[in-house]
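Accompanying notes for the structure given below.
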Amino acid sequence: MYSAIAKNKRNTIVYMLVFLVIIGVLGWFASYMYGDITIMFWVLGIAIAWSVFQYFVAGSEAISMSGAIQIQKSDNPRLFRVVENICIATGTPMPRIYIINDQAPNAFATGRDPEHAMVAATSGLLDIMDDSELEGVMAHEMGHVRNYDIRVSMIVFGLVVAVGIIADILVRMAWFSGNRRDDSNGGGNPVVMIFGILSLILAPIVATLVQLAVSRQREYLADATSAMTTRNPEALARALQKLQDYGRPMQRQSTSMAHLWIADPDPKPNLAERLMSTHPPIQERIARLHEIGGKF
166 MYSAIAKNKR
176 NTIVYMLVFL
186 VIIGVLGWFA
196 SYMYGDITIM
206 FWVLGIAIAW
216 SVFQYFVAGS
226 EAISMSGAIQ
236 IQKSDNPRLF
246 RVVENICIAT
256 GTPMPRIYII
266 NDQAPNAFAT
276 GRDPEHAMVA
286 ATSGLLDIMD
296 DSELEGVMAH
306 EMGHVRNYDI
316 RVSMIVFGLV
326 VAVGIIADIL
336 VRMAWFSGNR
346 RDDSNGGGNP
356 VVMIFGILSL
366 ILAPIVATLV
376 QLAVSRQREY
386 LADATSAMTT
396 RNPEALARAL
406 QKLQDYGRPM
416 QRQSTSMAHL
426 WIADPDPKPN
436 LAERLMSTHP
446 PIQERIARLH
456 EIGGKF
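Plus 165 on top of the position in the sequence shown (first one is 1) and you've got our numbering.
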């Protein structure tokens, strides 16, 4: 478990570097178009500032977008007690707990570290889960907290948004504004221009694919963490099956926070859409949990 946490912390740096390279390429192309190398540094600086801003506020943004309401122990003793017991068993700081008034069963965790974590569950989840299944789900969410997945998710989210915004601005500049290099030299290098345009188009796609890969691997890790915490992987397996059987679109959806939920907040009806899902197939997750259960 400690090795997984250490790996997540190292991967945070790797993912940041990957995104900074993507953003650097976009900035370089903008510098080439306008013949001013300082543009690249401005692009990188703005992207980094945006990511730092998101690191501190994205958790609160996610809570606000979901419509979650913070509770105390007296508001829902059952949910509060489950989370509290998990924290005591694992030595994790107690997070702020929220309930979302939505019959679509789901849950998520957010925040930048265990000391600033928040976990939320929908009313639909609380209605259909028995105590052991609810414990498995919340142990999964607390697994995201303990493994620092919430930090990685916040940073990746901020950088994906930054790449999308920068690419969109540069595409508009490239198509509608012309460029200074063309004006001063009678035309730019067509190979470089083609490479630059392709970079603008592909950068958001690559960034999204990295986000998907990060999200899927962390779902598997959080499932395994839940199994290790509760010593009852079958309970989480049953909970995941219920999430699939009773799954429905969330009332308040945002693609920017889709990767935070334990199950896809907008279940995909066909294969092509499932391939671009932020979550691995539930049946694969259940199969892995059964495999873990066989080793206990």
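In this text, a Cβ means the ideal position worked out from N, Cα and C, and glycines have one as well.
Item                                                                                                               : Value
First through last residue of the beta strand (DSSP E) which encompasses TYR263                                    : 261-265
Those runs of the beta strand (DSSP E) which lie wholly inside the stretch 221-299 and span at least 3 residues    : 261-265, 272-275 and 283-287
Per DSSP, cross-strand counterpart(s) of TRP426                                                                    : PHE273
Same chain, Cβ closer than 8 Å to ILE202, neighbours up to 5 away in sequence not counted                          : SER196
PRO432 - DSSP class collapsed to helix/strand/coil                                                                 : coil
LYS460 classed as buried or exposed, judged by whether at least 16 other C-beta atoms fall within 10 angstroms     : exposed
THR287 versus ILE265: straight-line alpha-carbon distance, rounded                                                 : 4 Å
Whole-angstrom C-beta distance between ASP388 and ARG316, which should lie under 8 Å                               : 19 Å between Cβ atoms; not a contact.
Contact check, ILE253 vs MET307, beta carbons under 8 Å                                                            : no
Contact the stretch 258-277 vs the stretch 411-424: 3+ CB pairs below 8 Å                                          : yes
The stretch 311-329 touching the stretch 276-290, judged by at least three CB pairs closer than 8 Å                : yes
Close-in-space but distant-in-sequence residues of the same chain around LYS238 (CB under 7 Å, 5 per side omitted) : PHE245
Element boundaries [alpha helix (DSSP H), containing GLN448]                                                       : 447-458
Environment of PHE206 [buried if 16+ CB atoms lie within 10 Å]                                                     : exposed
DSSP state of PRO398 mapped onto helix, strand, coil                                                               : helix
For ASP295 and MET259, the rounded distance between their alpha carbons                                            : 22 Å
Coarse secondary structure for GLY200, derived from DSSP in three states                                           : coil
Within 8 Å, strictly: CB atoms of PHE194 and LEU335                                                                : yes
Inter-residue CB distance, GLY192 and VAL208 (contact presumed, cutoff 8 Å)                                        : 3 Å
Straight-line gap, ALA423 to GLN382 (C-alpha atoms, nearest Å)                                                     : 15 Å
Three-state secondary structure (DSSP) of ARG403                                                                   : helix
Local Cβ density within 10 Å of ALA452, reported as buried at 16 or more and exposed below that                    : exposed
Distance between ALA233 and ASN397 (C-alpha atoms, nearest Å)                                                      : 28 Å
Proximity test, ASP295 beta-carbon vs the ligand PLP heavy atom, cut-off 7 Å                                       : What this structure holds is no ligand at all, so the ligand PLP is not there to describe.
Proximity below 8 Å, CB of ALA327 to CB of ALA212                                                                  : yes
Selection from ALA332, ILE187 and ILE228 that minimises the alpha carbon distance to MET283                        : ILE228
C-alpha gap between ASN350 and GLY189, whole angstroms                                                             : Confidence at ASN350 is low in this model, with a pLDDT of 48, below 50, so its placement is unreliable and the value that follows should be read with caution. If I take the Cα positions, the gap works out to 24 Å.
Span separating the alpha-carbon of HIS444 from that of TYR385                                                     : 9 Å
Backbone secondary structure at GLY329 - three-state DSSP                                                          : helix
Alpha carbon of VAL310 to alpha carbon of VAL179, nearest angstrom                                                 : 20 Å
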